[in-house]
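Residue numbers (the numbering used here), protein chains in the order written: chain F, 1 to 358; chain P, 1001 to 1358; chain E, 2001 to 2358; chain G, 3001 to 3358; chain X, 4001 to 4358. Ideal Cβ positions, reconstructed from N, Cα and C, are used throughout, including at glycine. Only a predicted model underlies this, so the values are computations on that prediction, with no experimental measurement involved. Input: a single structure, listed below in structure tokens.
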Amino acid sequence: MTLVGKRYHPPGTPPGTLTSAAEEPAFMRYLHYHPGSVHTTDEPEVDAISHPPVEGAVGWLEITGTPSAQQLQQILDRFDVHALALEDVLNQGQRPKLDREDGYLFCILNWPSVAIDAQELTLQFHQVSLFLLDNLVISCAPRGTDCFSAVRNRIERTQGKLRSHSGSYLLYALIDTVVDQAFPVLEALGTQIETLEEAVLEGRNGVVLGSIHRTRRELIVLRHRLWPQREVMRALLHDSDDWFQPTERIYLSDCQDHCIQLMDLLETYHEMTRGLLEIYLSEQNNRMGEVMRVLTVIATLFIPLTFLVGVYGMNFNIGDSPWAMPELRWKYAYPALWVLMASVAAGMLIGFKKRGWL
Amino acid sequence: MTLVGKRYHPPGTPPGTLTSAAEEPAFMRYLHYHPGSVHTTDEPEVDAISHPPVEGAVGWLEITGTPSAQQLQQILDRFDVHALALEDVLNQGQRPKLDREDGYLFCILNWPSVAIDAQELTLQFHQVSLFLLDNLVISCAPRGTDCFSAVRNRIERTQGKLRSHSGSYLLYALIDTVVDQAFPVLEALGTQIETLEEAVLEGRNGVVLGSIHRTRRELIVLRHRLWPQREVMRALLHDSDDWFQPTERIYLSDCQDHCIQLMDLLETYHEMTRGLLEIYLSEQNNRMGEVMRVLTVIATLFIPLTFLVGVYGMNFNIGDSPWAMPELRWKYAYPALWVLMASVAAGMLIGFKKRGWL
Amino acid sequence: MTLVGKRYHPPGTPPGTLTSAAEEPAFMRYLHYHPGSVHTTDEPEVDAISHPPVEGAVGWLEITGTPSAQQLQQILDRFDVHALALEDVLNQGQRPKLDREDGYLFCILNWPSVAIDAQELTLQFHQVSLFLLDNLVISCAPRGTDCFSAVRNRIERTQGKLRSHSGSYLLYALIDTVVDQAFPVLEALGTQIETLEEAVLEGRNGVVLGSIHRTRRELIVLRHRLWPQREVMRALLHDSDDWFQPTERIYLSDCQDHCIQLMDLLETYHEMTRGLLEIYLSEQNNRMGEVMRVLTVIATLFIPLTFLVGVYGMNFNIGDSPWAMPELRWKYAYPALWVLMASVAAGMLIGFKKRGWL
Amino acid sequence: MTLVGKRYHPPGTPPGTLTSAAEEPAFMRYLHYHPGSVHTTDEPEVDAISHPPVEGAVGWLEITGTPSAQQLQQILDRFDVHALALEDVLNQGQRPKLDREDGYLFCILNWPSVAIDAQELTLQFHQVSLFLLDNLVISCAPRGTDCFSAVRNRIERTQGKLRSHSGSYLLYALIDTVVDQAFPVLEALGTQIETLEEAVLEGRNGVVLGSIHRTRRELIVLRHRLWPQREVMRALLHDSDDWFQPTERIYLSDCQDHCIQLMDLLETYHEMTRGLLEIYLSEQNNRMGEVMRVLTVIATLFIPLTFLVGVYGMNFNIGDSPWAMPELRWKYAYPALWVLMASVAAGMLIGFKKRGWL
Amino acid sequence: MTLVGKRYHPPGTPPGTLTSAAEEPAFMRYLHYHPGSVHTTDEPEVDAISHPPVEGAVGWLEITGTPSAQQLQQILDRFDVHALALEDVLNQGQRPKLDREDGYLFCILNWPSVAIDAQELTLQFHQVSLFLLDNLVISCAPRGTDCFSAVRNRIERTQGKLRSHSGSYLLYALIDTVVDQAFPVLEALGTQIETLEEAVLEGRNGVVLGSIHRTRRELIVLRHRLWPQREVMRALLHDSDDWFQPTERIYLSDCQDHCIQLMDLLETYHEMTRGLLEIYLSEQNNRMGEVMRVLTVIATLFIPLTFLVGVYGMNFNIGDSPWAMPELRWKYAYPALWVLMASVAAGMLIGFKKRGWL
């Protein structure tokens, strides 16, 4: 997947063109449940699905994987969904959004997941598409991540709440699962940031710079993927009164809270990683400065001394002139020179110390 | 085209002054279609175009290239368009906008295109002007980029949707084509950013800095060119109820989604390139620091040793004084000096190692 | 507590699932007061608490520590609070918020506290949850920080205002206490920033960088924790007319002023620490530049001199050729060389001086 | 003019105090025109100006230069303008604004101009004040820049549009002239930025830094001067229905478009110059890094060699001990040493090459 | 005063607690004026002040310094002001705000002043509190800065406007004085910034960095102090219709313009100082780079030459082997060596020149 992250048709293609990239047809499962019973049909005949479901029952058509154009056409015919919505289901990588159409509600979300490889985090995003038609929910989730198994289990095993609610509550349960999926992802990112922070403050080198960059990049992408979900929740809560019952609003509101908390956390992480890079640079600067200081001190200590010993290595011949290096023949010249050199070195050391360079 | 990017008259010129920079008159083509038939006229007589088109038919006057003042005057006279709008058509480089006037809708968009030369991206922008008068669409697009060939083909070849819709749907189809044109441009930019990212993290040098700068500059310009199109779409969707039929709103909404996705992507790219420069600088800093470290180590190793050998190159004459470098005559002095120098070097290496400079 | 800072259930868990992390049940205390009397019951029977309290009286159920699931269930049964609210009480680390439900008001706030260890500040945040049901207030505060002792004292000791007000005034008093708690925290942070500022401008090193980073990090976290409280206050003041009496609005407004002042201060601190890092880096740069300058001057002074003395240390033998270093035998060659070297050194010093490098 | 850029009275001065800084009275000209005729009066008697002008005519009192307090007093008396407005006319350097008072419209704009001196741009701003009373326009523009000559010519020479419109259209024409004046200024700035960009990418030095700073400063000032004009246009277009006729709104709207385009351009320039400085710094860094690299290579090549030749310059006397530098008497010692030194140098060069430092 | 800048009670203190930090009671003065007369009473009996003042008269109770709790209690009793407002008067350092209560208007502003010491600016802020009860104004200003002497003079001396207006106009006059006080402060800051700018572009060192930091810090504080005053003015102008007469709105509007101009200026200054630091850093970088360049050139010139003279300082004895440094005995060896060294030096100089390092 490129950075654009979204499949798109060439400009000028008619809207609602359905061309599937699927290599194998998507797997379909149909759950039909009352408070008292659950019926599961694998690979159901789409045309045979009763729409709306019988009074008091809820239907859930769960599609896993990218549906083929043919499967979509069946859904299009059976449930009267607009071709533009189905195009969005096929062209993966859409921005999360909520469309309130006549007869159905269409919602796109992002299912984030995190892969850790050699201490490097890689985020992946899969598009989840959800339709709500009276008491019938159609979900379209990526193959591989069994996103909705928890919800399916809650329907199948327990006599709990889920079976006794309407289709809109099922929609909420699915959305809630997708939204909450970002918490473990953020937790992994948080751990990564803390690891990097330690590495930076301890002055570790090399890998860190690339890791900080990659973490920031993942945060940028994550923010742009999750940010619109907040808007989706707001629209569900405030502009979709006809689709949700008043008692369900408190659940949507709880789910919106989670969205807001996620964005808050992301913001915090973002500011932290920005700070991290600055600290890393300062740390590197300091380190280089220290190396420089040592060079300065050692070099400036020995450069004058080397000059001095060079002086007395000259070959001026006292035999030719009494002015030619008479020092060479003085009795204590050699020890005196050592004393001189020691004084010069000591003087410089004291000078450096006073300027705070040692 | 200068950075201002917009042709303008000297301050104080009367509004609606039409002076064309066109060297040759623009090419005009008139399409007139019913669900069942299409008539195409090249270089039509403007005065002969029926306005509004006959009942149930749609007319499309496609102008390619910059129209001459005379051509504009004909349009002005025939269709009662305000001179200010025509001035905007001539003075290329306008900001995208939507004007809702009495009797027509006037819309300016930007058609971006990308040229890749020696791995450098250059973006170009051409102004596309669109008018909608009852079931008559006038489009004015730049010569060279056959922007609307896809739409023309859809009208001419197929018995598809386009022919059976009204003029406002044609307007939507043209707008949609212009908006979607930004996706391949962004894809090229995304590839460029990823290439730069790799180059930076691998520490490649030289060309990269200029490329990062140019990419950022292109992103800045692109953002300022595309941003207002979002507003245009919003205005089309929400304030133009009288021009569009309810069933067409879902198409406009889909097109607005594309605009939003484009801005989202641009934002993401912008943040990424900003990060890229910071990483590049850090990388350079690190590299320079490493070079410094090697210099430090080699120089500080040899500077004291050079001093030592300098000492025994002095010409103090033991014949003149027993204090003058008696070491020179000690039996094992020379090998001992080598041992001393080796110890000094080893001591320093150990010291550097301990401080983590090796 | 990880960076996520919030306890959460695995995605897909049914909403309102109450699993407590409490190791020991929370301590409960029930205050029941009229203007004339106060009754305090430790560990009251929850089922026995009269709800609503008798006419003219106010009840305050103060829970200290994390309640066990069983305690929460009692509260759920007795006061008809929604399970989602109780889940938020248990899953500590929630974002401050205000929920206006039928029959009660539910408010989450953050109680910040500061620990100073070896001149390093560490902020901690504890979630405070507050419920208001007609004249009955339920507070849930962390064990250890006796948050509400001041309010309890005001009820118990004085004949003051508090006893003569309704339950909503008690709620205000508790909120006010939590909000004002940020002032001493900010004061500690302000002192820390001023200390760092002095250290930076005096050019102190080492610890400072880590401290600046940690202070910035604490400010980021603090801002994200306190910011939503402003929104809570706004909602209390403007959207909760049914819960507060007109005369109490001036108190809420005063409390909101405090929130705004806190955010203002935080913003100021944030900008200051950002400036601090920049100044620190400049300071370091300057310092390194000065060290470099001294190296330059000393090295460039002695390098040419060392070359000169090297010249006259060569062994060209005048005996072999009259062209071989005749200078060695000139009478004043040696002193002349010193004069030459002194002139070279002086010339360079003057040159450096003129360029402003000394 | 200081950075404050605005003339102000000491705090506590009564509002509406008129003290003029004018050294000579302003020049006044009165134009009075019908569609069919124009009358121009230089230095008219203010009291004799008919207000409102005769039916169907428009009056324009054009004041050039800073009016004296006496002139203002005449205007105050004749046209019933508020003293606060006249104070704003005198205290040059006001922020652009629109005041809608009873009986007149008062508008302040900024007339930017650019002076290029030795490749340095300097922007200047002059305040233009405009009043509209029924069909009478009073303009107050700075001496020296004959701002409104283009408009005056359009009135005097042509039989064009201007004469056949009302006073509000004249106001629009004047405002349009002032707003459009920013285009040539921005074009000059754009050229300057492109010149700097080239200079930076070619690595030119010295003057560039100061120029970037000055350009940024001019952009900051320009933005703060022009930004409010956008708001002025918005207010003219949306809140001044009583002053403009419906057919004039399209002209105001066109002028507002220009304002928006100007701000867009300014924003783009601002981001570009910010990027420019970063690139400049990186470029400098690179350059310094390259110099460092060469130093490293040359120094580290010769430092070990200098040590080696130092070794054989020592005066250990083989006559005293067989251990004292026996190498000196080996037959091939000298050429062998050259071979050794060449190998050392070659080894280091290969090492540097492999590390990519050459 | 700490960075918090605000006096506050410990969390949990009852709202409206009045504890004064005043060491001596504040000075009070009461002005009571008609259009025709003014009566001034120093230290008036608070209880004797007629409230409201007699028909057509205006009263002004001017309090200078921090009032004692007792003085406040008198005011509380006499004028029925809420204890929370009086608490805000005592707890200096409040954020500017406007409270519209039943029976009075309460307004807090900041009086900035600037002290220049050894070319360093220090800003100080004093809280000014203003009450408006029907035609009675109570002002509470800091001791030392005789804030309102200009207004008092206008009342006492002139027969001017002020005496003929109502209490709300007096309130406006006081607010206007406080707001305008920021102009001289900003002018001083502007001068400071221009001085720093010159110092930076001339490359002056040392003190500048600290000064830039301090100026930025002052700007940050000033912005946070003045920003809310804009909101106060907006609220006065738009939400306080019942307190101001229609003819007074133009004065408030003028005052709001001043607020907006101040914020504009502050924003400009802020951006300029930010640019200043960046330029300073670049300047320093350049300077250090130049020093480095000179070091490189001198060192790399002499290091190879020193090696060469070292070679011919070696003691290989030609007596022992014909291979041992035969050059030493060649006739023109010495001058040839000089020629060689001169060529090496010249070659390097040319190389450096070509690379642009000289």
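Per DSSP, residue i forms a beta bridge with which residues?
{"i": "V4151/X", "result": "Bridge partners of V4151/X: none, in fact."}
{"i": "Q3104/G", "result": "For the sequence presented, residue 3104/G should be read as Tyr rather than Gln. Per DSSP, E3101/G."}
{"i": "H3039/G", "result": "H3032/G"}
I'd like to know whether the C-beta atoms of residue i and residue j end up nearer to each other than 7 Å.
{"i": "L4328/X", "j": "N2286/E", "result": "no"}
{"i": "S1166/P", "j": "N1135/P", "result": "yes"}
{"i": "E1282/P", "j": "L281/F", "result": "A small correction: the amino acid at residue 1282/P is Ser; Glu does not occupy that position in the sequence shown. Their beta carbons are under 7 Å apart, which means S1282/P touches L281/F by this criterion."}
{"i": "Y3104/G", "j": "F3131/G", "result": "yes"}
{"i": "L3018/G", "j": "L3086/G", "result": "yes"}
{"i": "A4365/X", "j": "P4112/X", "result": "Look at the range of chain X in this structure, 4001 to 4358, and you will see that residue 4365/X is not part of it."}
{"i": "G3012/G", "j": "V4114/X", "result": "no"}
{"i": "I4220/X", "j": "M4272/X", "result": "no"}
Taking 6 Å as the cut-off, is the CB of residue i close to at least one heavy atom of the ligand FAD?
{"i": "E1156/P", "result": "Annotation note on the ligand FAD: not contained in the displayed structure, which lists no ligands."}
Relative to the alpha-carbon of residue i, which residue among the options has its alpha-carbon at the smallest distance?
{"i": "R29/F", "options": "M233/F, E45/F, L276/F and V89/F", "result": "E45/F"}
{"i": "Q3094/G", "options": "H3224/G, A3048/G and V3038/G", "result": "H3224/G"}
{"i": "Q4071/X", "options": "F4027/X, Y4251/X, Y4334/X and I4250/X", "result": "F4027/X"}
{"i": "R2216/E", "options": "E2202/E, L2121/E and A2173/E", "result": "L2121/E"}
{"i": "Y3251/G", "options": "F3183/G, T3145/G, S3129/G and I3175/G", "result": "I3175/G"}
{"i": "L259/F", "options": "W243/F, M341/F, P11/F and E231/F", "result": "A small fix is needed here, since residue 259/F is Cys in this sequence, not Leu. The shortest Cα separation from C259/F among W243/F, M341/F, P11/F and E231/F belongs to E231/F."}
{"i": "T4191/X", "options": "E4156/X, I4116/X, S4139/X and S4253/X", "result": "I4116/X"}
{"i": "M4325/X", "options": "P3322/G, W3330/G and Y3334/G", "result": "Y3334/G"}
{"i": "Y312/F", "options": "W2330/E, M2288/E, L2337/E and L2301/E", "result": "L2337/E"}
{"i": "E2055/E", "options": "P2067/E, P2035/E, G2310/E and G2289/E", "result": "P2035/E"}
Residue i by DSSP, collapsed to three states: which one?
{"i": "M2314/E", "result": "coil"}
{"i": "I2063/E", "result": "strand"}
{"i": "W4111/X", "result": "strand"}
{"i": "M983/P", "result": "Because chain P in this structure spans residues 1001 to 1358, residue 983/P falls outside the shown range and cannot be described."}
{"i": "Y3033/G", "result": "strand"}
{"i": "D4099/X", "result": "strand"}
{"i": "I2350/E", "result": "helix"}
{"i": "A3118/G", "result": "coil"}
{"i": "I1049/P", "result": "coil"}
{"i": "Q4127/X", "result": "strand"}
Between the stretch 2228-2246 of chain E and the stretch 302-319 of chain F, can you find at least three pairs of beta-carbon atoms closer than 8 Å?
no
Select from the stretch 4261-4282 of chain X all residues with a C-beta closer than 9 Å to any C-beta belonging to chain C, and list them in chain order.
Protein chains F, P, E, G and X are contained in the structure displayed, whereas chain C is not.
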